[in-house]
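All residue numbers in the sequence shown are consecutive under the numbering used here, ending with 447.
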Amino acid sequence: MPPEASNTQPSWQQESVMDYVPENWRAPLGLLVLCSALLIFVTAREWGEMFHQWWNIDTYTHILLVPLIIIWLVWLRNDDLIKIAPKPWMPGLALVAAGLGLWLVGRTTEINLFAHAGAVGALQAAVAATLGLRVAFALALPLAFAVFLVPFGDELIPALQLVTAEIAIALTHWSGVPAVVDGIFIETPVGLFIVAEACSGVKFLVAMVTLSVLVSFTRFDSWSRRAAFIAASIIIPIIANGIRAWGTIYIAQSQGVEFAAGFDHIFYGWIFFALVVVILIAGAWRFFEREPDDYGWTADDLSTWDLLARAERRSPSISATAGAIAAMAFAAAMLAVIVAPMAIG
């Protein structure tokens, strides 16, 4: 007798990625992927500009970690998410329109901060529009954390240069070294020092703010402790950068300007940020109130919110949501071509 035919298929043919996704999540997730791809296509110029800044500008290299952090935060909520039935949320479509509007304003006025924020905001809004308000609240932290994908901080450089110079000159006088300050120029017996843009401390300040928000909302429950930690993460790096600038000036008085410049490059590039992080985390460690996987609202918490139940009563269909987002993206792209031709491409 011939052997019986087997109906067993290789495991790679039996399983796919979608097999691991709950059935009620498949259509909304597919809608989100489709809409996200469309929005990224329309705002491709802005995403290209942002990636260029992340990859090539020291101030923003820490942003390369932000997408990984967002994925990690979403993964921590996995057990709660599968308890939620996602469904499109109509007011979220207005938020998508607002994001695209901000993007268009930024392109028209050539204010990159607005254009980049609009491109990111449209994606954030798409999550709420396609998966629903309940999912958006469950993912409130990773959704909000996506704000840090937008490169910002260069606007603070002039102010930080002046603050650094003031701290450095005060400490220089305190240490007995005669010096005269004129804005960002500090003159001492061994030479003239300039608090350049690279020495303003902006890259560490922006990175510390990003880290402080992550730590505050994953490790603290009370708003007072969150506010205190974020405030410390702003103040301490600014003061520390002033001390670093003073240290360079002080060392130069005895060891020479070239030695001090070399020391500053190594210290500033490799040690300074690590020391600030260690000081802040060590100081806050004993006040931590929870583990990271306990952050945010759980599915059980959200099930008691009458507001969410009312918001879900009038939920548009998946096809209507997809059509609305596609129409808005197309309209924004056409307006960009008319009023800001360089916005696409």
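Heads up, the beta-carbon is just placed ideally off N, CA and C, and yes, glycines get one too. These numbers come from a predicted model, not from an experiment.
Phe374: first and last residue of the uninterrupted alpha helix (DSSP H) it sits in:
Position 272 of the sequence shown holds residue 374. It spans 374-387 - the alpha helix (DSSP H) in which Phe374 sits, taken as one unbroken run.
Using only CA atoms, which one of Val229, Ile213, Ala228 lies nearest to Phe254?
The residue labelled residue 254 in the question sits at position 152 within the sequence shown. The residue with the shortest Cα to Cα distance from Phe254 is Ile213.
Opposite Asp284 in the DSSP bridges: which residues?
Here residue 284 refers to the residue found at position 182 of the sequence shown. Paired residues: Phe287.
Within 10 angstroms of its Cβ, does Leu251 collect 16 or more other Cβ (buried), or is it exposed?
By 1-based counting over the sequence shown, the position of residue 251 is 149. Buried, because 16 or more other Cβ atoms sit within 10 Å of the Cβ of Leu251.
Do you know offhand how far Pro130's Cα is from Leu243's?
As a first step, residue 130 must be located in the sequence shown, where it is residue number 28. As a first step, residue 243 must be located in the sequence shown, where it is residue number 141. Roughly 20 Å between the two C-alpha positions.
State the CB to CB distance for the pair Glu391 and Phe287, rounded to an integer number of angstroms; the pair is presumed to be in contact (CB under 8 Å).
Your numbering for residue 391 matches position 289 in the sequence shown. Your numbering for residue 287 matches position 185 in the sequence shown. With a Cβ gap of about 46 Å, Glu391 and Phe287 do not count as contacting.
Near Trp114, which residues of its chain fall below 8 Å by C-beta distance, leaving aside the five closest residues on each side in sequence?
If you number the sequence shown from 1, residue 114 lands on position 12. At Trp114 the pLDDT is 46, less than 50, meaning the model places this residue with poor confidence; the figure from the coordinates comes in the next sentence. None.
I need the straight-line Cα distance from Trp191 to Phe432, nearest angstrom please.
Position 89 of the sequence shown, counted from the start, is the residue given in the question as residue 191. Position 330 of the sequence shown, counted from the start, is the residue given in the question as residue 432. Whole-angstrom Cα-Cα distance: 20 Å.
Helix, strand or coil for Leu293 per DSSP?
Translated into positions along the sequence shown, residue 293 becomes position 191. It is worth fixing the name first, because residue 293 is Gly in this sequence and not Leu. The DSSP-derived three-state label of Gly293 is strand.
So what's Thr145 in DSSP terms, helix, strand or just coil?
Position 43 of the sequence shown, counted from the first residue, corresponds to residue 145. In this structure, Thr145 counts as coil in the three-state DSSP scheme.
Please state whether the Cβ-Cβ distance between Ala281 and Phe331 is less than 8 Å.
Here residue 281 is taken as the residue at index 179 of the sequence shown, counted from 1. Here residue 331 is taken as the residue at index 229 of the sequence shown, counted from 1. No. Outside cutoff.
If you draw a straight line from the C-alpha of Thr161 to the C-alpha of Lys305, how long is it?
In the sequence shown, the residue the question calls residue 161 occupies position 59. In the sequence shown, the residue the question calls residue 305 occupies position 203. Lys305 has its alpha-carbon roughly 4 Å from the corresponding atom of Thr161.
Nearest CA to the CA of Val144: which residue from Pro193, Ala217, Asp182, Asn180?
Sequence index remark: in the sequence shown, residue 144 carries index 42 (1-based). Check the Cα spacing between Val144 and each of Pro193, Ala217, Asp182, Asn180: the tightest is with Ala217.
Reduced DSSP secondary structure (H/G/I, E/B, other) of Ser138
The residue labelled residue 138 in the question sits at position 36 within the sequence shown. Helix at Ser138.
Taking 8 Å as the cut-off, decide whether the C-beta atoms of Thr274 and Asn343 are in contact.
Counting from 1 along the sequence shown, the entry for residue 274 is found at position 172. Counting from 1 along the sequence shown, the entry for residue 343 is found at position 241. No.
Which of helix, strand or coil does DSSP assign to Ala107?
For the purposes of this step, residue 107 is identified with residue 5 of the sequence shown, where counting begins at 1. Interpretation of Ala107 is limited by its pLDDT of 47, a score under 50 that renders its predicted location unreliable; the figure taken from the coordinates is listed afterwards. Correct three-state label for Ala107: coil.
Own chain, CB closer than 7 Å to Gly303, minus 5 neighbours either side, in chain order
For the purposes of this step, residue 303 is identified with residue 201 of the sequence shown, where counting begins at 1. Correct list, in chain order: Leu262, Thr266, Pro339, Ile340, Asn343.
Contact set for Met436: own chain, Cβ-Cβ below 8 Å, skip 5 residues either direction:
Here residue 436 is taken as the residue at index 334 of the sequence shown, counted from 1. Result list for Met436: empty, nothing under 8 Å.
Would Trp348 and Phe239 be called neighbours here (beta carbons separated by less than 8 Å)?
Here residue 348 corresponds to residue number 246 of the sequence shown, with the count starting at 1. Here residue 239 corresponds to residue number 137 of the sequence shown, with the count starting at 1. Contact flag unset, no.
Considering only the beta carbon of each residue, do Ala426 and Trp205 sit closer than 8 Å?
As a position in the sequence shown, residue 426 is number 324, starting the count at 1. As a position in the sequence shown, residue 205 is number 103, starting the count at 1. No.
Measuring CB to CB, does Arg236 end up less than 8 Å from Ile186?
Residue 236 sits at position 134 when you count from the first residue of the sequence shown. Residue 186 sits at position 84 when you count from the first residue of the sequence shown. Closer than 8 Å, so yes.
In whole angstroms, what is the alpha-carbon distance linking Ala224 and Leu141?
What you label residue 224 is simply residue 122 of the sequence shown in a count that begins at 1. What you label residue 141 is simply residue 39 of the sequence shown in a count that begins at 1. The straight-line gap from Cα to Cα measures roughly 7 Å.
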